[in-house]
Each structure stands twice: as structure tokens, then as C-alpha cells.
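Remarks on the structure that follows.
Number of protein chains: 4
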Amino acid sequence: MLERRRLPRGAIRAAVLTAWERPLELREYPAIERIGPGEALVRVEMAGICGTDVHLWRGQLPIPLPVILGHESVGAIEQLGAGLDHDWRKNPLSPGDRVTWASSIVCGECFYCRLKRQPTRCLKRRAYGISYCADEPPHLGGGYAEKILLRAGTAIFRIPAGLATESVIGAGCALVTAIHGLERVPVGWGDVVVIQGAGPVGLAALAVSRQCGAARVIAIGGPPHRLELARKFGASAVIDIAQAPDPAERIRLAVQETGGYGADVVIECVGHPAAVREGVEMCRDGGRYLVLGQYGNAGEVLFNPHVITRKQLQITGSWGFEPRHLDRALSLLAGSGWGELFAQEVSDRFPLDQADAALETVREWRSAKAVLTPNGDRG
Amino acid sequence: MLERRRLPRGAIRAAVLTAWERPLELREYPAIERIGPGEALVRVEMAGICGTDVHLWRGQLPIPLPVILGHESVGAIEQLGAGLDHDWRKNPLSPGDRVTWASSIVCGECFYCRLKRQPTRCLKRRAYGISYCADEPPHLGGGYAEKILLRAGTAIFRIPAGLATESVIGAGCALVTAIHGLERVPVGWGDVVVIQGAGPVGLAALAVSRQCGAARVIAIGGPPHRLELARKFGASAVIDIAQAPDPAERIRLAVQETGGYGADVVIECVGHPAAVREGVEMCRDGGRYLVLGQYGNAGEVLFNPHVITRKQLQITGSWGFEPRHLDRALSLLAGSGWGELFAQEVSDRFPLDQADAALETVREWRSAKAVLTPNGDRG
Amino acid sequence: MLERRRLPRGAIRAAVLTAWERPLELREYPAIERIGPGEALVRVEMAGICGTDVHLWRGQLPIPLPVILGHESVGAIEQLGAGLDHDWRKNPLSPGDRVTWASSIVCGECFYCRLKRQPTRCLKRRAYGISYCADEPPHLGGGYAEKILLRAGTAIFRIPAGLATESVIGAGCALVTAIHGLERVPVGWGDVVVIQGAGPVGLAALAVSRQCGAARVIAIGGPPHRLELARKFGASAVIDIAQAPDPAERIRLAVQETGGYGADVVIECVGHPAAVREGVEMCRDGGRYLVLGQYGNAGEVLFNPHVITRKQLQITGSWGFEPRHLDRALSLLAGSGWGELFAQEVSDRFPLDQADAALETVREWRSAKAVLTPNGDRG
Amino acid sequence: MLERRRLPRGAIRAAVLTAWERPLELREYPAIERIGPGEALVRVEMAGICGTDVHLWRGQLPIPLPVILGHESVGAIEQLGAGLDHDWRKNPLSPGDRVTWASSIVCGECFYCRLKRQPTRCLKRRAYGISYCADEPPHLGGGYAEKILLRAGTAIFRIPAGLATESVIGAGCALVTAIHGLERVPVGWGDVVVIQGAGPVGLAALAVSRQCGAARVIAIGGPPHRLELARKFGASAVIDIAQAPDPAERIRLAVQETGGYGADVVIECVGHPAAVREGVEMCRDGGRYLVLGQYGNAGEVLFNPHVITRKQLQITGSWGFEPRHLDRALSLLAGSGWGELFAQEVSDRFPLDQADAALETVREWRSAKAVLTPNGDRG
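Protein chains in written order, with our numbering: chain A, 10 to 388; chain B, 10 to 388; chain C, 10 to 388; chain D, 10 to 388.
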């Protein structure tokens, strides 16, 4: 449990990453009295612990310290800045509304935003829980906190009444990541798909593949509780890495499950560099490979580029997501049985002062999805 | 010079690869009296020495031995089998006609031909100069020979009168390879392109990029005589690897030439695995990388897949070509100044019994393009 | 009932179109003793009456007379020609096997087959039930007959044991038409789709749209029994043209059902020229319109091309299908609940001598799907 | 010549459309002393008379009256509002700079901007010279005036020193229209293209087709001075509509010029509804048809939708353009010989008080391109 100091009245508590691979610190920040035009002050109901948070904690991405982690959150609006009266979808917005938001803000004016239409690679992109130094006012830039201040320009989405917070956080940034990835590498109806990894991104990629009409989806991963979830999400077959610890054996099994030629589409949702080397061998010739899990810089792997030529592959990367992907994610969660399935991912709840324990369950793959409830279980 | 034995009357001489990395042997095969339906017997006028021939000679691809190399050739029809009276374009075909042909034949019925429309990955694909064991009748399956027997189903193209043999062989399989590659990774008008390599494939990729309306094309390679040719082919800038031997320096120079962000499209035409690792760094974020040179299995390289995610890249391989690409190549060569430019690549001519010397000039990058004239310079 | 003449022993009966808009004639053709290499003689179990058959009967397409109609059929193999021992999917083929087949054969060599990869527009394409004059041997070129002779080169598909003949004929050429059409105009997951027409093509387009993950599919048509079927096929909403006989009213209703902006994709499956004029108004700006029902030349309609510019539309046509689309159709029918649903379309069965009555039920939209059982209900 | 009234000191003159098909009026508007944040006051050097201006004058599009026409203009910055110190490309901006600008501003927030990424169909899009009622302050919303006030959010482009104003206005909105259109319907290298119309849009489509590497471009139009310009722009062949007044004859000639099958891409740049009916017959089967000229609502034409199915066509519309298309246009004009060619289109110059005469030369197709110089020929 994080050390508790005596809090001044109104101060806002947050779990803060202050040094790579060190325990988070529980810090307090001054209460926010007035907010600027277009801003929103949100009381955090639930914040997901994303696998990327582990990468960040390990220092695998260049970010400022200290930082309040947490880039997938749901909360209730406490205060709305001048001019902010509608959400991204043009629904009216009022204090008390339950909302989520796109984790990053782009400039809309740079080379990538304007000319190349790659806004996820915006030169000035900043993301909650990642890019905002907690030492600088207004401090509250991540979801591992009692409150967060949403900057002007944030794409805020009011959550429909029937959609549970657990569904939104269970899907988390994994679902929008998968939606963006599968926009870049579409799965067509009738395609045979292999998914490497049965964590949140893998399950989300499985859901979207199913939604696209894939004929068969083979999920590779573990541990068993995640593979069971993969079956609920519609996996046609699962391969347990504990039972097939050898990459060559996994390739053999996966290719066999595809009918002998390899998959039309293989989606990497693991995060270890070696997964890419292994996964391209699971593609049929002329197939597509989507690199979806390599968000952190986890180093190099020996790779033979001849395989790209010989198998005539297409290998595609995808970074982050845009607000319109979150719009699609929320529609998917609201309009079908997917919301209930994703809610089942939320397996472990922690109060704010146990943020470290939460991070640890993710680091060790113990949970399907761990979450923080910074203001207690009742939100 | 290969050892000459006394030839029986009518015997057909060929330069044969009998063991990896050993000198070719000049062998004789029996004269062919009668040919089957749909076949064509062709007297070889000129055969290009392709960089792939060096890969084959080194044993970097699984092929049968002995083999008559030579998969890019021009010759004159000597005999036409029953039913063969038109070329692939439906032009009438007669003995004496100067022709070239697609180097491979596909089955049209397998998983890749029928269902996945990836005929270059046909499960039964066989290629002249590569797949036919010279010990098996009818023996004559490659261009390094006085004659070649074209199997039924070969896509034969009559060469228009105004198009020089040097243009066709100068373009060689490099041009069709580039055409196929750029079909899979289109260059749009206004794109900034970097080409790694200034050999035949690099020059061909340069020509096609120009044809597609690229705004700038930066060629990286050497030696100087090839870079000079690259300028003639329309390179906006060239980077000499001898003057920039450090990969990091080349990346810096190439990115600088693109305007600071990297190229929209980078095309690898080198063949060394390390080129891929280097080239992806020359792409702008969201850019496309075409692996065009890794035909031989030249081993592994350390590679960080995080770059695919972080730069949101698309990396695409391309294998071989289809007859329709050869159709386009011949149209390009015939209909513009490109024919003359490609003819300039032909820098070194060798008789059949100096096939080894020819292969060596390619192995050592001494020539722009070396060719054999198996029946003498007059064809 | 067609007039019965006394039949010689072994003669094969067929229902023949001899003049536009005149009753079919029951004619006899000589028994077939020996068949050529690659051919197959098939005893017809069931032949679907397609809407196109009505267009043909009316003379809206240029075909030879007399002709045995019937281009969507299932039958049992009686005799196999030399060399024909596998189906298109490489399954072994034996007498007695239940099969269906692609209705057309292409040349594989013409401008459209080779260069433009538009085999459905092959210059020498011939289709069963459409292109073969019944006066010329071997006469048996359509499904409205006791037997049909499949020419060499026909793409034959053995029907899996668990897949009912009614499923295959219920889906008929409508399903492959829809699969090809939606390949040209993909429906993405989350798309809102409007389908004009609730006949076999409309229902098939509905099934494929659902398979692709459409968020909403609105079906417009009638009569009520077809709209009920549309609901079973997954329509989110139906609009009955009998209750909304005014095009402007239908446009208003359809746009309203899409959420106010129009559909991402509108699919025309009606066949009346006026449907196109009406349907483009149901598209959102920047939407896609698939013309799938205009197989017959049913004349002109007043059309304002300004709408294409102003709404920034994409309007796409699709003709026929390829064998690979039939492969996908059979996989879809076999591997899910779709087979059972399509079987429900088969509403009316007629013996061969009532082919005219069968055609009439289709002409008058009385049936969901009428079929012939030329050898009786037991096949 | 428009009637001149006595002007108060500092008043700004503009040619105003006050009623459909009536002469423009020369009106005066009060001088602008202070401008708001992000705005720019520009002294108009040259304003192009676009064919759309004729449609507007005829009342074929729903616009407010009175309106100051002119949506393709070049001018010098007189005053810059607070915060506006860079152009769209991030070049610094100062008073005196010669600039042009995108004619429309979009909201960035509506259904089309956000969700469907069709900003040219923005629900709140407003365009200079089209959407701004001249009665409402700040009045100056079109190029047919001595000055124009650019609203905050306008995409302004500083014109490079070496690029002549005549090049920019000669290209006008025709070039950006063509660039957008050919983005939606790409011309590939080697494609055969037919262009209907040899006015500014037709010439621009010709230039872009050439830039994309089209193998042949056939231009249909008139009068002879425009066809001569078409040849200079790279037309492989021209068809003079005066010599081929019969649509069937034009179709025959155009198809013949394509080699007998029709063009891969046909681009309509005429504006008469009948052109669409004619042009689709010039497409090869499986070809693409780009509707680029139907900006005004010029009524209906009899059309047979069966042709879309039978020829398996793709017909695409394109509306307006985005700032990034203007960026590409200016790069094209600056970086090649195209600037000089487009400058040659400017055939007739008129002072502001002869705006009516200018409009008339366009209406009657007498000029290649007429322009206004509202502050005199010296700008």
C-alpha cells in the first residue's frame, strides 16, 4: 500500500511514477478552483491499467517524469469550462455526466496532421497518462488520480446510460487500438485469422475480427483463464503457449489450424520482439501481418527479411488511435453483446493507494484486466 | 574460358551450373528434332546475367542441379509446336520472329492461383533458368545456351521491330520485378521516393517511380558509373555509399534530401538483409517500404519491430512477376525514351564459353549489366 | 402444362425458350452416349428460376434462340469425361456425386481475362442457360432439363454431404452475385446499409452485409412474406413498398432509418431503372451505391448527374461472378446458419412440364423462389 | 461597362451578383479599419472567372444574394489579424506577401468532417465567392472586388517568388478540382484516359493524368484554340466536337483512339448532363468514370443504368477540394514546366467594371480563361 500522508482539505491524490521501475508514489496536488475555456474537470470513477503502463514504468518510451499514469479512464464531469457544452458526438454535456475521452490531443496543423493525414503521428501529440509532467500545473494529466483535468480540445464522449463503466474500461485502449489496426489491415469476411496474444489487445482484435466476419480465428496465448475468455469472444481454436512453448511447434499448430497454408491475416498482440519473427511464419503467402503489440521499445530480434519477399507479405504497423475510433468502439460496446463480454475482462479492482499492486498484476499477467477505482468502489 | 569439347553435329551447347560456387560447365545436349504441341524452340540471341543468378550460384535458393541458368532472354523462333500461332498479346507468331517470354509458368489451379490470386506464389510454379534440371529431357530450360525449348503455356511476347534487344535485356527481369513491386506499393504523383541500390532493380524502380509521377527520387548506391546512370534515369539526388559508408550517415543524408521527415516510399533494391534495417529509418512516419531485393536467402539481421509500430509503417514484399507485367514492361520500353536508357545498361557482352567471366562481373558489381550472346554477337 | 409428345426411349426432355414472351416448349433431345474429355453429364436434381430468366424470356439480353434456360442448378454426376476426376476445389469427383457449377466459362486469354483482370467481362464468355443455342449439339446447355452436359473447363463443385440442395438453389446465383458485388463495394463493419429489393438478390446482399458486420441493414421491398424473410435474414428495419408507394416517401423513410444522413452503402437489387434514381438519394454524401439488379436492359430513366457530384458518390456495377465467388458462397452456406435460412427461400416446386407456371410465379413476384425438379421430387 | 457611382474615400468596390442572369452591379463597401484575430485583409491582384461562376449567375446552385463572386484569387496581404503570422504550410506571413487561399472553410466537427472524413461535404462549409451574402458585414467575401477579407481559419498559401500569378490563376480552382477528383479515381501509369471537355477543368485533368503517367490521353472538346492548348498539355489525340457533333460518332472516335475497347478512365469535364450519358460509353468494361464537371444543377438526362451493370463500371463524383489539394497544386505549378503552361490559359484580362464582359466570354466559351484585375493591371 502506498504511504499516506495527511492531506490538506480539497487536495487531490494521485499515484505518480517518479523513477523507472520504482514503486509509484501517492502524491497530492492542489484543488482546482477555476478551469479555463474548453476544459473539463472530471472525477475519475475507474482507470484501467494498460500493458503500455508497464512499458512506461520500465522506461521503454521517452516520457517526462514524474508522470501520473492512466490513459484509459471513465469519470463524472465536475466542472465544464466556458464554451464546452457538447461532447465529440454533439450530445449535450452537463456536470454529473459519465464520460470517457480520447487519450491524446493532436495539433491539426503539422506535416502529419495536415499533409499526410496520419494524425496519430502528430508532431505535437500529447497523451493523458503519458506526456504531461505532473510537476507542471495543472498537474492532473492522468487517470491514476482522484481527478483529471481535460485540456481544451479533448475528444470527450458521454457514455450512454445502458453501457457499464466496466465495459468501457474492460475494452480500454485495447479496443480502439485494435479498431485502428484493423482499419489499416482489414479483415474481410471469410478470412482466416491468427491472433498472437490473449491479453486485452488480443481479445479486442479477436472481437473486431469476428465483427468483420472472419471465418476462423485462432488465438495463441495464455494463461488458461485468458484462453477461456478468448473462446467466449469467439475463438475457433486456442493454442496454449504453456503447452506449446516452442515457437516452431506453435507455428506448426497454427498453420495446421488454418488448413495448412497459413492465415490470411496474423495479428501480433504480444509485445515481445520475438513474436514478430514467429508470427510472419504463420501467414499464408501473400498474407497480411499486423504489428499491434510493439508499443514499447523492447529491443531487437534476429529477423530474415527474405521471408517478406519469398512469402510476398504485407507487414503493417499502427500507432494509437483517433477519436473516431473511440466513437466506433463505444457504438460496438453499446449495440451488441460485446459490452457484456468486455466487462468480463475486469478481473481485479484496486483503490488508488494500491496502484502498485495493480500494476504488478498486469506486469505478471495475473489478471485479465486490473483497474483502479480512485474514489472508491462507489465512484 | 570454359573448356571446349568437340561437338557432335547439331548438338546444342549450354553453360551449366553443376555445383554451388563452382565454375559453370560448358555442356552439350542433343539436337531437338521434333517439338510438342504448344512448345517453341528458340535460338537465343541474348541472355542477361541477373543478380539472382549470383544468388542461385551461391546456393541461396532451393533449386535442382545441374541447371542451365538464364531467366531473361531474347531469341528467334526456330520451330513452333502445333497450335501455337499467336503470342500472349494475340499477335501472330512465325519462325524467325524475335521474342522474349515470362520466365515462369503457373498451374492456374492451386490454392494460390485460384483462391488467393497470388499466382507468383503458385504451388507448382516453374521458372526457366531456375527450376528445370538440365539432366532431364528436354534439357534446354535456361537462357545460358544456344537454344531453349519453351514449354507449352509459356507467355511468349513478339518484340516490336523498333525495340532493340539491348533494351529488353537491359531492362531484364529487373523491370518486371519493379513493375510488380510498385503495383503492390504504388508510388503516387508527388511522392518523395528513396531507392536503396543502383543496380538493375534499383534503376528499374527509379524508372517506374518517375513514370508514376514521383516528385523527387533519391538513389543510394554505387559505384559512380551506376549513379551516373541513375541520374540519367531521373534521380533528383544520388548518395554514393562509398562516400557515406556509415548507415547512420546515409540515413541522415537520405532523410535530409526528403525534406526532413523521410520518404513517402522507400524501395529496397540491394539484397543485403542489413538494407532493410537501414531503409525503414528513411521512411516518414506512415510511409511505405517495399522489399524488392531480398530474393536470395542471405541470412538474418538484428531488427527492432518497435519501429514498425512507432513509425506506423507498411512493409511489403513482392515475388516474381506475371505475364501482364511483362506486357507493361514492353509497352513502356517501346513507347518512350525508356528503351534507349535501359539499353545503356548493357555494358559487357560475353560469348557462351565465357559465362563464368560474365557471372563474375555481376558478382563483383563491375558491370552495369553483363549479357551472354550464345550464338555470337550477330545472334 | 406443356404439351407432351411421345418420347423415344432415352430421349432427354427440356423446357425450351423458342420466342420472346412466348410459352416455353417441352422438347426432346437425343440421349448422350459418349462424352468428351473434361466433360460431365449431370442428371438435374433442381434448377432455380432466376429473375434473370424473366429478363431473358422478355428478350432484354442478346441471346440465341432456342435456348434451354436455367443457370443455377444442382444435379448428380452420371458420367465423367476423360481427365476429369477432381472438382474445382481439388476434391475427388465420382459418378453419383451431387454437384453444382459456375454458370459461365471464360477464355482466360482475352483483353479482359488477361490484361484487365475482369474475367466476368471475358469477350468469349458463355453461360449455361443463356448462351448455348439448343439447336446445336450437344443441345443440353441449361438447367431446365432432365440432364445437362457440362463443357470442359466448367468449374464444378461437389456439394458437402451436410449441405441441402435447397440451400444451394435457395441461394442460387443471387448469392454469388451479391458476393461479387460486395467484393467490388465492400461493406465495412459498422456501416449502415440500405438494400432496395427483398427478392433473392436483396436477401443475399442482406446476408453478405450482415456477414461483413454492418451495424444496421434496412430492407425495402415486398410483398410481406419476403419482408418477413428479410427480418429472418437480419434486417434491422423493413420498408414495405406497398405502404410507401411514393419514391419520395421511401427516400424519407430510408434516410430517417439511417439516422438522418443516408446510408454508407445502398445496394440496388430491384432491376427497374427507376430504382437507381431513387436509391442514390438514400446514400449519405460520400457514400457508395452498388447497382446489382440491372442485369436486363429495361430501358432509360431520367437521371440528374449533378447528384453524383454534389453528394460525392461512388456508383459501382458488377456483372456475374467468378468460380471463386461460388467457392465462398458454398463455404458460407455450409459453415453457419445461413444454409438453413436460404433453404427457406425455396417456396414453390414445379415439374419440368410446368416450367411456364414456374416462370410466371417469378414474373409476378408471387414466390420467394420457385424451382424446377426435372426428374421429379425425388431427384 | 458597369455604371460608376461617385465613391467615398476609402470605399471598396466590388462587382456584385444581385439577381439570376442579370448584369452584375458595381457596388461600394465601407473601408475596413480593424480586422479580427486570425483574419487577413487582402488587396486582390487577380481573380479568375470560373465556369462555376456562370452556373451561379444562372441560379443553378442555392446561394444567397447579393453575392460578390470570385473563388479563385491572388492578392497581396494588407493587414494580418492577431495570431496570424504563418501560412498553411507554416511559412511566415507578412503584409505585402502575395498569397492565394482555399476557397472554403469547414467546421471540422460535423458528421462529415469528423466521422466520415468527407470535409468537402461539411455541413457548415462556406466558400468565398459563393456562400457569403454581400449585404452582411464584413461584406467582402469574394474575389471580384478590390479587397477581400479572409475569415479566421482560411487556409492561406504564400506564393513562392518564382511562381507567376498567371500560373496560379490559370490553374485556378480547376486544378485543385482535378487533383481531388483524381485522388478519388486514380489514373495509374500506363492507363488510357479520355477527357471530355477542353476547358480549364479538362486541361487540368489532362495535366494531372500526364503527371500520373497515363500512356495515352485523348481530349474531346473545342474550340480549336483550346484543343491546341490541350496538345501543349500533352494530349495524345484530340477530337473536335465541331467536327464530330454527333455523340455516337464521338463515342466511335474515342473508343477507336483507345485501341478499340474504351478507356481505362474517362473524366467528364463538360458540365452538361448529356456528357455523362455519352462518356460512360467511352469506358472499357470494368473502367472508371469520373464526374468532375457537374457542379451546377443543369437538369436531368435520359440514362440507362443497365450500362453500369453490363460494363461493370465505377462512376465517381468529387466535390470541391481540401487545402492539401491546393498545397499539391502549388507544388506542381512551382516545380516543373506546368506553371508556364497553365499561365498560357489566361487569355483575357478585364478591369473590375467590366466584370460582366468577363463573365460573358466564359459563358460563351470565347476565352480559354478570363480574369479580373480589380486594382488594375499593375495589381
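Note that the Cβ used here is the ideal one computed from N, Cα and C, for glycine as well.
Coil, strand or helix - residue i by DSSP
i: E145 of chain D; result: coil
i: R386 of chain D; result: Checking the sequence shown, residue 386 of chain D turns out to be Asp, not Arg. Looking at D386 of chain D - three-state DSSP - the assignment turns out to be coil, as it is neither helix nor strand.
i: R259 of chain C; result: helix
i: F120 of chain A; result: helix
i: T109 of chain C; result: strand
i: A24 of chain B; result: strand
i: A154 of chain D; result: strand
i: G179 of chain A; result: helix
i: A187 of chain D; result: helix
i: E369 of chain C; result: helix
i: L394 of chain C; result: The shown model of chain C, from 10 to 388, leaves out residue 394 of chain C, and the question about it has no answer.
i: R193 of chain D; result: helix
i: Q252 of chain A; result: coil
i: E30 of chain C; result: coil
i: Q410 of chain B; result: With chain B represented from 10 up to 388, any question about residue 410 of chain B goes unanswered, as that position is not in the structure.
Run of the alpha helix (DSSP H) containing residue i, from where it starts to where it stops
i: V217 of chain D; result: P209 to Q220
i: L172 of chain A; result: L172 of chain A -> no alpha helix (DSSP H), and no H or E assigned at all.
i: W347 of chain A; result: W347 to A352
i: L339 of chain D; result: P332 to A343
i: L132 of chain A; result: Taken as a continuous stretch (DSSP letters only), L132 of chain A belongs to no alpha helix (DSSP H), as it is neither H nor E.
i: G288 of chain B; result: P282 to G288
i: V316 of chain D; result: H315 to R319
i: D62 of chain C; result: G60 to W66
Unbroken beta strand (DSSP E) run spanning residue i, endpoints
i: Q323 of chain A; result: Q323 to G326
i: K241 of chain A; result: Run containing K241 of chain A: none in the beta strand (DSSP E); it sits in the alpha helix (DSSP H), P233 to K241.
i: G162 of chain A; result: Here G162 of chain A belongs to no beta strand (DSSP E), and DSSP marks it neither H nor E.
Buried or exposed (CB count within 10 angstroms, at least 16 for buried), residue i
i: D255 of chain D; result: exposed
i: C142 of chain D; result: exposed
i: N384 of chain A; result: buried
i: G268 of chain D; result: exposed
i: M10 of chain D; result: In this prediction, M10 of chain D scores a pLDDT of 48, lower than 50, which makes its location untrustworthy; no coordinate-derived value is stated.
i: A379 of chain D; result: buried
i: A216 of chain C; result: buried
i: G150 of chain C; result: buried
Inter-residue CB distance, residue i and residue j (contact presumed, cutoff 8 Å)
i: A213 of chain A; j: T174 of chain A; result: In fact, because the Cβ distance is near 17 Å, the residues do not count as touching under 8 Å.
i: L159 of chain B; j: W97 of chain B; result: L159 of chain B to W97 of chain B, Cβ: 12 Å. No contact.
i: E349 of chain D; j: A377 of chain D; result: No, E349 of chain D and A377 of chain D are not in contact; Cβ-Cβ is about 14 Å, not under 8 Å.
i: A367 of chain D; j: L381 of chain D; result: 6 Å
i: G302 of chain C; j: G329 of chain C; result: Actually they do not touch by this definition, with Cβ atoms about 13 Å apart.
i: Q69 of chain D; j: N306 of chain D; result: 5 Å
i: V63 of chain D; j: I86 of chain D; result: Not really, about 30 Å apart at Cβ, beyond 8 Å.
key: Under 8 Å (Cβ pairs) to chain A, residues found in the segment 195-225 of chain C   = When CB distances to chain A are screened at a threshold of 8 Å, the residues of the segment 195-225 of chain C falling below it are P195, G197, W198, G199, V217, Q220, C221, G222 and A224, in chain order.
task = Name, going along the chain, the residues of the segment 354-368 of chain D whose beta-carbon falls closer than 9 Å to a beta-carbon of chain B.
result = The residues in question: there are none.
key: Cβ-based contacts, 9 Å cut-off: residues of the segment 316-338 of chain B near chain A   = Legend: CB atoms of the segment 316-338 of chain B lying less than 9 Å from CB atoms of chain A belong to residues V316, I317, T318, R319, K320, Q321, L322, Q323, I324, T325, G326, S327, W328 and G329.
message = Which residues of the segment 122-147 of chain D have a Cβ closer than 7 Å to any Cβ of chain A? Give them in chain order.
response = Within the segment 122-147 of chain D, the qualifying residues are R123 and L124.
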